[in-house]
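Accompanying notes for the structure given below.
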Amino acid sequence: MRALNLDQLHAFADVVALGSFSAAAAKLNLSQPAISQQVRQLEERLGVKLIERVGKRAEPTAAGQALLSHIGGIDASIRSALDAVSSFADGPAGQVRIGTGATACIYFLPAILEKLQRAYPKLEIMVRTGNTSDIVRAIEDNQLDIGLVTMPCSGRSLSIMPVMTDPFVAIFAGDADVPDIIHPRDLETQPLVLYERGGLTRTLVDDWLRDAGVAGHSIMELGSVEAIKELVGAGIGATILPEMGARPGRTQFPVTTRPLNPPLSRELAIVMRRDKTLTPALREVRNSLIAAAQTRKSS
33 MRALNLDQLH AFADVVALGS FSAAAAKLNL SQPAISQQVR QLEERLGVKL
83 IERVGKRAEP TAAGQALLSH IGGIDASIRS ALDAVSSFAD GPAGQVRIGT
133 GATACIYFLP AILEKLQRAY PKLEIMVRTG NTSDIVRAIE DNQLDIGLVT
183 MPCSGRSLSI MPVMTDPFVA IFAGDADVPD IIHPRDLETQ PLVLYERGGL
233 TRTLVDDWLR DAGVAGHSIM ELGSVEAIKE LVGAGIGATI LPEMGARPGR
283 TQFPVTTRPL NPPLSRELAI VMRRDKTLTP ALREVRNSLI AAAQTRKSS
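First residue of the sequence shown: 33, per the numbering used here; consecutive thereafter.
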């Protein structure tokens, strides 16, 4: 069944309210034949007679009365829809809930969020950090709208788009005497300050050491990248972190970074539900994440 024509509904309502086709035509600045045609088309559409003439006045039939009782609600719903959409006229608006890991939250998201906030003041972004499994579960449960997580991840209901490769580096105190390239054996006797267990970042590091037959001597395990680097800079031990979180000049103590051999990296992906409605706000956030990832990849 085709949707009702709003102009026909309003023409019908005006004829009933004003009592004649000519009065409705004058109100709507149309000819009387045009109003008559709209009402006739509506009647043909519904298959019922809506107006009958009682004396000189146009009156609604029983079917017309039934239809009239719904026209106010139809108009109210349309106004509500238009009001909801009007807030988007000046750009994306509304809330978008992002989930990501702690490292990306500290070192990757801030610049993106600053640009989005400056460009779209009505856009409200909520950020939640956690392990990949926690973020993916929250997206599946529709508690988050979009995630930037470390691969691998999976889910039948998910759309997963790899966007960026983030290599790992070894980090030492600034005055440490270390080789230009770090092999697993170089860390065999080093005390290590590592990211806490349970996340894919720690699993990747453990596997890299284990594959070379190195157990690794972990003396501290923390959930804060910044805290790990501060302790390393103070000479407590060495660490292996994603390069994203190894930017110099952000710690109280100087640190030295070195590449790894064999190379170790993690793949970051944008994750959403396949059936997620892509609102203007969510589309802008997703596109901004992709653009920032591509910029970082090419730099």
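All C-beta atoms, glycine included, are put in the ideal place defined by N, C-alpha and C. Since this is a predicted model, take the numbers as computed values, not measurements.
Check	Outcome
At what residues does the alpha helix (DSSP H) containing residue 152 begin and finish?	Note, residue 152: premise wrong, no alpha helix (DSSP H); not H, not E.
With DSSP as the reference, please indicate the residues paired to residue 179 in a beta bridge.	131, 303
Assign residue 318 to buried or exposed, taking buried as 16 or more other Cβ atoms, counted over all protein chains shown, within 10 Å of its Cβ.	buried
Check whether the region 92-102 and the region 146-163 are in contact - that is, three or more C-beta pairs closer than 8 Å.	no
Using a 10 Å radius around the Cβ and a threshold of 16 neighbouring Cβ atoms, would you call residue 44 buried or exposed?	buried
Grab the span of the alpha helix (DSSP H) containing residue 242 for me, first residue to last.	232-243
For residue 322, which residues from the same chain have a beta carbon less than 8 Å from its beta carbon, with the 5 sequence-adjacent residues on both sides left out?	193, 195, 302
Can you tell me which residues form a DSSP beta bridge with residue 42?	Beta-bridge pairing links residue 42 to no other residue.
Of the residues 288, 173, 96, which one's Cα is nearest the Cα of residue 41?	96
Count the other CB atoms, across all protein chains shown, that sit within 10 Å of the CB of residue 309; report buried if there are 16 or more and exposed otherwise.	exposed
Give every residue of the same chain whose Cβ lies closer than 8 Å to the Cβ of residue 89, excluding the five residues on either side of it in the sequence, and list them in chain order.	51, 52
Just to confirm my understanding: we take residue 326, look at its own chain, exclude 5 residues before and 5 after, and list those with CB closer than 6 Å. What are they?	none
Give the secondary structure of residue 85 by DSSP, where H, G and I count as helix, E and B as strand, and everything else as coil.	strand
Is it right to say residue 205 is buried, meaning 16 or more other beta carbons lie within 10 angstroms of its own, or is it exposed?	buried
Nearest by alpha-carbon distance to residue 172: which of 320, 37, 306 is it?	306
With 16 as the cutoff for other CB atoms within 10 Å, does residue 261 come out buried or exposed?	buried
What does DSSP give as the partner residue(s) for residue 290 in the beta ladder?	202
Check each candidate in 285, 110, 222 and name the one with the smallest Cα separation from residue 37.	110
Let's see if you can read the secondary structure: which residues bound the alpha helix (DSSP H) around residue 164?	164-172
Taking residue 273 and residue 164 to be in contact with their CB atoms under 8 Å, please state how far apart those CB atoms are, rounded to whole angstroms.	That pair is no contact at about 16 Å.
Suppose you measure from the CA of residue 174 to the CA of residue 155; what does that come to, to the nearest Å?	19 Å
What is the rounded straight-line gap between the Cα of residue 285 and the Cα of residue 315?	40 Å
Kindly give me the distance between the Cβ atoms of residue 220 and residue 246, rounded to whole angstroms, as I take these residues to be in contact under 8 Å.	5 Å
Given a cut-off of 8 Å on the beta-carbon distance, is the pair residue 168 and residue 181 in contact?	yes
Quick one: grab the DSSP three-state call for residue 271.	strand
State the DSSP-derived secondary structure class of residue 187, mapped to helix, strand or coil.	coil
What are the partner residues of residue 225, as DSSP defines its beta bridges?	252
Pull up the distance between the alpha-carbon of residue 70 and that of residue 86, whole angstroms please.	20 Å
Counting along the chain, where does the alpha helix (DSSP H) carrying residue 285 start and finish?	Residue 285 -> no alpha helix (DSSP H), and no H or E assigned at all.
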